[in-house]
């Protein structure tokens with residue numbers, strides 16, 4: 063399951079505050095990572111929630127979905143907020159900086175999302 067499918071299923075899909083919930087999860091995850099580290103946090107996700115790290119990464123930084131979901135903003139975000147999110151995410155996932163296996167895929171998704179945004183405005 064990826065974030066695009068997850069965000070369109072069940073009770074979560076009906077919520078109008080999906081963006082706020084996702085941002086709260088992202089902030090909680092950052093704090094938990096700093097406190098516990100990635101390995102113990104990964105175990106918690108697996109044991110308690112039955113979720114693997116790939117799903118958590120997809121929720122944190124989706125590589126599919128609407129442009130605003132991929133960039134982590136609302137659909138009505140300001141031009142400055144969109145550009146700031148784009149630059150921040152690209153700084154995290156640019157393959158020259160991030161050597162993870164999924165970095166290239168995420169960077170491509172981030173660029174595509176920003177291109178879709180620019181086509182609209």
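In the numbering used here, the protein residues as written are 63 to 183.
Idealized CB from N, CA, C, for every residue including glycine.
I'd like to know whether the C-beta atoms of residue i and residue j end up nearer to each other than 8 Å.
i           : j           : result
residue 117 : residue 88  : no
residue 197 : residue 156 : Residue coverage of the chain in this structure runs from 63 to 183, which leaves residue 197 outside it and unanswerable.
residue 183 : residue 141 : yes
Skipping 5 residues on each side, what residues in its chain have a beta carbon closer than 6 Å to that of residue i?
i           : result
residue 129 : 175, 178, 179
residue 84  : none
Between the alpha carbons of residue i and residue j, how many angstroms are there, rounded?
i           : j           : result
residue 149 : residue 133 : 10 Å
residue 136 : residue 105 : 31 Å
residue 103 : residue 173 : 29 Å
residue 154 : residue 76  : 30 Å
residue 107 : residue 152 : 26 Å
residue 160 : residue 171 : 15 Å
residue 82  : residue 158 : 31 Å
residue 98  : residue 80  : 26 Å
Between the options, which has its C-alpha nearest residue i's C-alpha?
i           : options            : result
residue 101 : 90, 93, 110, 115   : 115
residue 125 : 163, 159, 167, 151 : 167
residue 70  : 131, 181, 138, 158 : 131
Any alpha helix (DSSP H) of 4 or more consecutive residues that is wholly inside the region 102-155:
115-122, 129-133, 141-155
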